[in-house]
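Same order as they appear, the protein sequences are chains V and C. Quick note on this note's numbering: the first sequence kicks off at -16 and runs consecutively. Quick note on this note's numbering: the second sequence kicks off at 478 and runs consecutively. Data first, discussion second: the structure below is written as C-alpha cells.
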Amino acid sequence: MLLSAKPSFAPVGGFNFENVRRNAMLEEQMSGQGFKAPKARKTGTTIAGIIFKDGVILGADTRATDDMVVADKNCMKIHHIAPNIYCCGAGVAADADVITQMMSSQLQLHALSTGRAARVVTVTRLLKQMLFRYQGRIGASLIVGGYDVTGPHLYSIYPHGSFDKLPYVTMGSGSASAMAVFEDRFKPNMELEEAQRLVQDAITAGIFCDLGSGSNVDLCVISKGSVDILRPFDQPGKRGCKHGQYRYKKGTTAVLTKTVTPIAVELVEETVQRMDTE
Amino acid sequence: MLSAATYGENGKMKEYHYSGPVEHRFSPYTFNGGTVLAVAGEDFAIVASDTRLSEGYSIHSRDSPKCYKLTDRTVIGCSGFHGDCLTLTKIIDARLKMYKHSNNKTMTSGAIAAMLSTILYSRRFFPYYVYNIIGGLDEEGRGAVYSFDPVGSYQRDTYKAGGSASAMLQPLLDNQIGFKNMENVEHLPLSQEKAVQLVKDVFISAAERDVYTGDALRICIVTKDGIKEETVPLRKD
C-alpha cells in the first residue's frame, strides 16, 4: 500500500471555490496588460416548449457559440431527466449539462426512495432550490417538460431560481423571435401535427433572426407512456456546396526531422486462442 | 461568473454598499459585422464581401453589401462600424470628384490608396472604425490589393481578408494562393475562374463558423473591360 505524507480525503461533492480569489487577483493584474479572463462557452440558444392535446413538445436549436464563433454546429440541448421528463437548457453550456445530470440522478434516487414515479414538479423544485442557492452563478436557463401521473406539465426556470408554469415558454437569446411565433399561433389543445409545426416554426424563427442560434431543429414529443426524440426534426440552415477540391497529396507537408527509436520487445509468454470462424 | 470587482487589494471581498451614481459613457461606435476579401491576379482583381448587417445578436439587413465602386478600375470593401463606412465612402467619392475636376483624369488605385491613408490618419484621435481593403488595377493593368488598418497604415498585398471572419479566411488564403506550408506543389498562377471559385468556397466556410457572416456573398470582378458583379447565396442562420 502506498503511504503518503498527507492523509488523502475523499472528494467532497459540489463546487470547489479554491481558485476564486486567485482568479480575481489575476484578472485585475492581467487587465492592465490587455489580457482577458477566458469566458465560459454559452449556447446562445433558442429553446421552446408547448403543451398540446396529448402532452408536451420541447424544441431546441443546435448551435453552441464561443463568443461569436460557432463552437459546435450540432450540439444536443434537450437533456434526459427521467424517462417521462426532459429538459432544454440555455445559457452557459457546461452549467446546463451538469445541472441536468445532477438532477437526473437525484430524481432517480428520490423515485426509488418514495417508490413513486417521478413528477415534473419535483425536478422543478430541486432545480430552483439549487439555482437559488448559487445566487445566479450557475448560468443555466431551463425549460422542463414532462408527462407524469398528474398529466402534462411545462415549467421555465431562470438562473436566479425563479420559475413560471405556463402552457407555452421560450428561453435563450432567440426567445423573443420564438415567442413572437407562439403569441401569434398558439391555441390550447392543439393536435400533434399542428403543435409540432408550431414549435418547428418558432425555433426556425430563432435560428434565422438570432445570431446565437442556428443549424438544426430538434424536437422532443412527450405523451402518456411514450417519448419521441426527433433529432434532427428539420435542417433549415443548409451548408453551402463547395466547388473546389481541397485534398492534399502525400508529401505536401514538410517533414523537418525524423527520429526512429526501436523499442526492444522480449517474448515472455505466448497463448493461442482459437476463433470459431464458421 | 465572479469578477475582480468584488475583491479588493488584499484579496478580501469588498463591502457591498451603494457607492453613489455610476457614470456610463455613451459609446460612439458599434460593431456591425461583415467580412471583406480581396484577391489580385495577373490582369484582374476581385473584391468580395458578405451582405449581412448585424448588431449584437440581431440582424439589421440581409442585403447590405460592403463593396463600393469608386472608379471603373477600383472597388473598396469596408467593414466595421456601418455609420463610419457610409461617411468614409462619401468622403472618398467627393475627393475623387475634386481630383477629376482639378487634374482632368481619374485617380489610379495607388493614388486612391495613398489618399485614403491620409484621410484615415487625419482622424487619428477619433478614428473611423472601418477596416478597408481596396482592390483594383494599377497603371500597368495588373491586379492590386491595398489593405488598411483603422488609422491609415497600408500596404500592397496579393490577397487580404478583413472584418469579423478575417482570422478564419486569411490562413486559408495563405495556403491556397500563397502556397505557404506546402511542399512539392506546382506554383500555378491564379486564373480568374479559380480565384472566383476559391472566394466562394472560402466564404461558405466562413459562414459556417462566424455568426456575423452569412446571407449572401457579393463578388466584384475588376478587369480592363470594367466591373462585373455576382451574387451567391450563403447560410441565413
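Here a beta-carbon is modelled for each residue, glycine too, at the ideal position from N, C-alpha and C.
Query raised in the report: Mind checking whether L650/C and A683/C have CB atoms under 7 Å apart?
Result: Their beta carbons are not under 7 Å apart, which means L650/C does not touch A683/C by this criterion.
**Report entry** Simplified DSSP assignment, three categories, for M478/C
**Finding:** At M478/C, the pLDDT of 44 sits below 50, so the modelled position is not reliable; the number obtained from the coordinates is stated separately. Residue state, collapsed to three classes: coil.
Query - Option nearest F18/V by Cα separation, candidates N6/V, S160/V and G27/V - result: The residue with the shortest Cα to Cα distance from F18/V is N6/V.
Query raised in the report: Which of the residues in the segment 45 to 77 of chain V, read from start to end, lie with their CB under 8 Å from any CB of chain C?
Result: Flagged, chain order: R46, T48, M51, V52, V53 and K56.
Query raised in the report: Who are the Cβ neighbours of T635/C in its own chain at under 6 Å, not counting the five residues just before and after it?
Result: Hits under 6 Å: A517.
Query - Span of the beta strand (DSSP E) around P269/V - result: No information on residue 269/V is available, as it lies outside the stretch -16 to 261 that chain V covers here.
**Report entry** CB contact below 7 Å: F191/V versus chain C
**Finding:** Using a CB distance cut-off of 7 Å, F191/V counts as an interface residue toward chain C.
Query raised in the report: Touch check for the segment 706 to 714 of chain C and the segment 211 to 227 of chain V: three-plus C-beta pairs under 8 Å?
Result: Pairwise C-beta distances place the segment 706 to 714 of chain C in contact with the segment 211 to 227 of chain V, as three or more of them are shorter than 8 Å.
Query raised in the report: P156/V touches chain C at which residues, Cβ-Cβ below 8 Å?
Result: Checking the sequence shown, residue 156/V turns out to be Ser, not Pro. Close to S156/V, with beta-carbon spacing below 8 Å, are these residues of chain C in chain order: Y534.
Query raised in the report: Does V688/C get closer than 7 Å to chain V when you measure Cβ to Cβ?
Result: With 7 Å as the cut-off, V688/C counts as an interface residue toward chain V.
Query raised in the report: Based on the DSSP secondary-structure assignment, which residues constitute the bridge partners of L202/V?
Result: G42/V and L213/V.
Report task. Determine the extent of the beta strand (DSSP E) in which E519/C is found, giving its start and end residues. Result -> Neither: E519/C is in no beta strand (DSSP E) and is coded neither H nor E.
Query raised in the report: Is A73/V closer than 7 Å to M154/V when the C-beta atoms are compared?
Result: Cβ atoms of M154/V and A73/V: closer than 7 Å.
Query raised in the report: First and last residue of the beta strand (DSSP E) that includes N609/C?
Result: First-last of the beta strand (DSSP E) with N609/C: V607 to L614.
Query raised in the report: Does the beta carbon of S531/C sit closer than 7 Å to a beta carbon anywhere in chain V?
Result: Yes, contact with chain V.
Query raised in the report: Taking 6 Å as the line, does the beta carbon of T83/V fall inside it for any heavy atom of the ligand ATP?
Result: The ligand ATP is not among the ligands present in this structure, which contains no ligands whatsoever.
**Report entry** the segment 60 to 79 of chain V in contact with the segment 123 to 136 of chain V per 3-pair CB rule at 8 Å
**Finding:** By the criterion of at least three beta-carbon pairs nearer than 8 Å, the segment 60 to 79 of chain V is in contact with the segment 123 to 136 of chain V.
Query raised in the report: Who are the Cβ neighbours of Y151/V in its own chain at under 6 Å, not counting the five residues just before and after it?
Result: The beta carbon of Y151/V is closer than 6 Å to those of I33, F165 and F169 in its chain, skipping five residues each way along the sequence.
Query raised in the report: Taking C-alpha atoms, which residue in V688/C, D626/C and D561/C lies nearest to A590/C?
Result: Here the closest residue by C-alpha is D626/C.
Query raised in the report: If you draw a straight line from the C-alpha of S252/V to the C-alpha of T260/V, how long is it?
Result: This sequence places Glu at residue 252/V; Ser is not what is there. If I take the Cα positions, the gap works out to 25 Å.
Requested in this report: Helix, strand or coil for R230/V, going by three-state DSSP, please let me know.
Outcome: Note: R230/V maps to coil in three-state DSSP.
Requested in this report: Taking only the alpha-carbon atoms, compute the straight-line gap between R619/C and S541/C and give it to the nearest angstrom.
Outcome: When rounded, the distance between both Cα atoms is 29 Å.
Query raised in the report: Do you know offhand how far M85/V's Cα is from H63/V's?
Result: In a straight line, the C-alpha of M85/V is about 11 Å away from that of H63/V.
**Report entry** D184/V vs S160/V beta-carbon contact at 7 Å
**Finding:** Taking the C-beta atoms as reference points, S160/V is found no nearer than 7 Å to D184/V.
Query raised in the report: Between G640/C and the rest of its own chain, which residues show a CB-CB distance below 7 Å, the 5 nearest in sequence each way excluded?
Result: Within the same chain, G511, T512, V513, S556 and Y608 come within 7 Å of G640/C by CB-CB distance, once the 5 residues on both sides are set aside.
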